[in-house]
Amino acid sequence: QVQLVESGGGLVQAGGSLTLSCVASISIFRFNSMAWYRRAPGKQRELVARITSGGSTDYADSVKGRFTISRDNAKNTVYLRMNSLEPEDTAVYYCNGFAVVTYWGQGTQVTVSS
Numbered sequence: 040q041v042q043l044v045e046s047g048g049g050l051v052q053a054g055g056s057l058t059l060s061c062v063a064s065i066s067i068f069r070f071n072s073m074a075w076y077r078r079a080p081g082k083q084r085e086l087v088a089r090i091t092s093g094g095s096t097d098y099a100d101s102v103k104g105r106f107t108i109s110r111d112n113a114k115n116t117v118y119l120r121m122n123s124l125e126p127e128d129t130a131v132y133y134c135n136g137f138a139v140v141t142y143w144g145q146g147t148q149v150t151v152s153s
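Numbering (this note's numbering), first residue to last: 40 to 153.
Structure representation (structure tokens):
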């Protein structure tokens, strides 16, 4: 069974930084793409950033220039580096992997205080 396990969430002040990690139970080469989504209180889940197996990336407009998605194939891990965090970034962040079917992690809470 494929598992995605997130870590790295927490409480940070506005302007601060966090790095989220997502470790896959299988080689991430097997995913066509991996992504980070988030769900803020009272809002729908939204795509934050995505990275393809070829290394192409795309970002939500709200995080461009502040967040960076990357991957370490040897560690089967995808990262989300988040800089200049804003209170509006407060959400549960989910790791996502697409390989014929879609897999989700359990989520990690990020809270940004003003």
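C-beta: ideal position from N, C-alpha, C; glycine also. Note that this is a predicted model, so its numbers are computed, not measured.
Residue state for Ala113 is assigned as helix, using DSSP reduced to three classes. Here Ile65 is not near Val44, since their CB atoms are 8 Å or more apart. Taking 8 Å as the cut-off, the Cβ atoms of Thr147 and Ser72 do not count as close. Just so you know, the alpha carbons of Tyr142 and Phe70 end up roughly 10 Å apart.
Taking the C-beta atoms as reference points, Ala79 is found nearer than 8 Å to Ala130.
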